[in-house]
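Please read the structure below before turning to the comments.
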Amino acid sequence: MTSASLNILIIEDADIIVHQLRILLSDKNSSHNIRSANSAELGLELVEKSFPDVFILDIKLPGISGIDLLNKIKQDYPLASPLIIILTNMPHAIYKHACLSKGANFFLDKSREFLVLPEILDSYFFKYNPPNSSLCNSPL
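So in the working numbering, spot 44 of the sequence shown is number 50, and the numbers just go up one at a time.
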């Protein structure tokens, strides 16, 4: 993974998934700030304190759904352009279409595409912070 640090907010109600995401997204070359909330409401409180670079959202959450949360993020922060990844066990076409049309960048099936998250973050980082950027740690 990249040597840069991203502010990542995971909004997921399954503790085991949050734990696995933390393991997957942490390595010796990165120092990502990973925060998590088990509901959309708690996630919004964290957003108000510090807006993340990356959102990882589940669809099925207690209270406000991940789709409604996606709408709220886009409505409340129209000028922001975070990376928004939907990670769900509900990979139905209707949900995928709804999420992507509302501004999600990726829609991933938890059981099949979980392991591509580090690649997505690397691609995102290098797209917005090319290797000659001062944000990258260069061996030169």
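Backbone N, C-alpha and C define an ideal beta-carbon position, used for all residues, glycine too.
Inset, instruction - Please go through the same chain and pick out, in chain order, the residues whose beta-carbon is closer than 6 Å to the beta-carbon of Ala86, but skip the five residues on each side of it. - result: none
Inset, instruction - Note down the Cα distance separating Asp19 from Tyr83, rounded to an integer number of angstroms. - result: 23 Å
Legend entry - CB of Gly69 within 8 Å of CB of Ser37, strictly: no
Inset, instruction - Would you mind reading off the limits of the beta strand (DSSP E) that contains Ala104? - result: Where Ala104 is concerned, there is no enclosing beta strand (DSSP E), although the alpha helix (DSSP H) it sits in stretches over 99 to 107.
Legend entry - Rounded straight-line distance, which links the Cα of Leu63 to that of Phe57: 15 Å
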